[in-house]
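For reference, the structure discussed in these notes is given below.
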Amino acid sequence: MEPSEIKFKCSLYADDVILFIRSTVQEATAVKEILNVFGAVSGLRTNLAKCSITPIFGAEESLEEIVSILGCQVQAFPIKYLGLPLSTRSIPKAHYQSVVEAVARKMPPCHGALMARSGRLVWIKSVLRAVPIYAMIAENLPPWAREEIDSLCRKFFWADHKWLWLQKIDRDRAWSQLPIKTAPEVQAFFRALTYISVGDGRQALFWEDRWINGEAVVDIAPCLYQLVPRRTRTRQTVRDGLIDRAWTRSITGGMSVDAINEYLFLWNTLRDYQLTEAPDRTI
C-alpha cells in the first residue's frame, strides 16, 4: 500500500497488533529488525509463525520474498481484526449473518425459561445487545439483520409470559381485549422492542403504539399525549383516529405552546396518511 493511502500504520489492542506497510523487501526487512530489537530489549519476542501477511493492493510480485523474510503465513483479504471485518468493499451478507448467529450463541442454555424476567432484561442489555453494538463500530447492520436480532431478543425476553405480545398478534383470543396488568418498565421495554406496520389500522393503537415511522405519538408529542384521556389512549385505534381526523377531538383541556407545536407537527405528518386493506403487523 502507498503511504498516502494509509492514515494509521499501526493499531494495538492488548496483544493484538496490525501493521500496514508497503509491499517491499526493504520495509519487510525493517519491520523484522524492529521486532527483533524490541524483543531483545523487552524480552517480549514475536512469534512470527503465528502471524499472517495479507496483501491488499497488488504486492503479488514481491509477496514470496516478503514471506521468506518474515516467515509468516499468507491470509487472503478481506480479514478480521478484533472480530471486526476489514475490507475495501461492501461487507458480504455472510458476515452479518454471523453477527446474528453470535447473538443466538450468547443466549443461556435455559433459553430464559428458568430466569426471572429482570434477569432476562439484564442479559439482553448487557450481553445480547453488546454483540451488534460492537459489530456496528465497523459497519452499520442492514435492516434484516437488526430485525432478526430484535426477534431473538423478544423471544428470549417473553420466554414464559407473552401476554402483551399475544394481545397484539392474536386478537381472536377471548382475553385479548381485557386490560393486562404489567409493570410500567415491562410495558416500556415491550414498546421499545416492537413497532407496528400499519395496514387497515384496526389493531394498532393511535396514541400508544409505534406506528409513525417507528415512533409512537407519546414519543413525538408527549405534551399533547397528556391531554388525551387515558381511556381514549388505550382504546382508540389508528383507523378510528384517522377517520375524519377524530384524534383531534380526543384532545381535552387547554394546550400549552409546546402542545400546540406538537399538534401542528402531528397534523402535517398525518395529513396524507393512507390506510390499506391489509391487516396491521406487529414486528
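Take the sequence shown: its letter number 214 is residue 211 in the numbering used here, and every next letter is one higher. Just so you know, even glycine gets a beta-carbon here, dropped at the ideal spot from N, CA and C.
Check, Outcome
"Extent of the continuous beta strand (DSSP E) run through residue 208", "207 to 209"
"Cβ contact check for the stretch 56 to 66 and the stretch 112 to 127: 3 or more pairs under 8 Å", "no"
"Per-residue DSSP class, three states only, for residue 277", "coil"
"Residues near residue 75 in its chain [Cβ-Cβ closer than 7 Å; skip 5 each side]", "82, 83 and 84"
"Coil, strand or helix - residue 140 by DSSP", "helix"
"Reduced DSSP category for residue 95 - H, G, I as helix; E, B as strand; rest coil", "helix"
"Closest by C-alpha distance to residue 198, when choosing among 217, 40, 227 and 237", "237"
"Cβ pair residue 28, residue 16 closer than 8 Å", "yes"
"Euclidean distance between Cα positions of residue 58 and residue 127", "42 Å"
"Complete beta strand (DSSP E) runs within the stretch 204 to 248 (minimum length 3 residues, chain order)", "207 to 209"
"Local conformation of residue 70 per DSSP, three classes", "strand"
"Segment limits, alpha helix (DSSP H) that includes residue 76", "From DSSP, residue 76 is part of no alpha helix (DSSP H) but of the beta strand (DSSP E) over 76 to 78."
"Check whether residue 72 and residue 49 have beta carbons under 8 Å apart", "yes"
"Alpha carbon of residue 213 to alpha carbon of residue 265, nearest angstrom", "15 Å"
"Rounded C-alpha distance that separates residue 100 from residue 149", "8 Å"
"C-beta contact flag for residue 233 and residue 202 at 8 Å", "yes"
"Alpha-carbon to alpha-carbon, residue 112 and residue 154", "10 Å"
"Under the three-state DSSP convention, the category residue 18 falls into", "coil"
"Local conformation of residue 129 per DSSP, three classes", "helix"
"Whether residue 267 touches residue 218 by CB criterion (8 Å)", "no"
"Cα-Cα separation, residue 93 to residue 277", "28 Å"
"Euclidean distance between Cα positions of residue 208 and residue 115", "27 Å"
"Residue of 38, 206, 25 and 132 minimising C-alpha distance to residue 77", "132"
"Residue 80 versus residue 36: straight-line alpha-carbon distance, rounded", "27 Å"
"Beta-bridge pairing of residue 10 - partner residues as DSSP gives them", "13"
"As assigned by DSSP and simplified to three states, the class of residue 263", "helix"
"Option nearest residue 275 by Cα separation, candidates 260, 23 and 194", "194"
"Reduced DSSP secondary structure (H/G/I, E/B, other) of residue 41", "coil"
"Residue 202 in three-state terms, based on DSSP", "strand"
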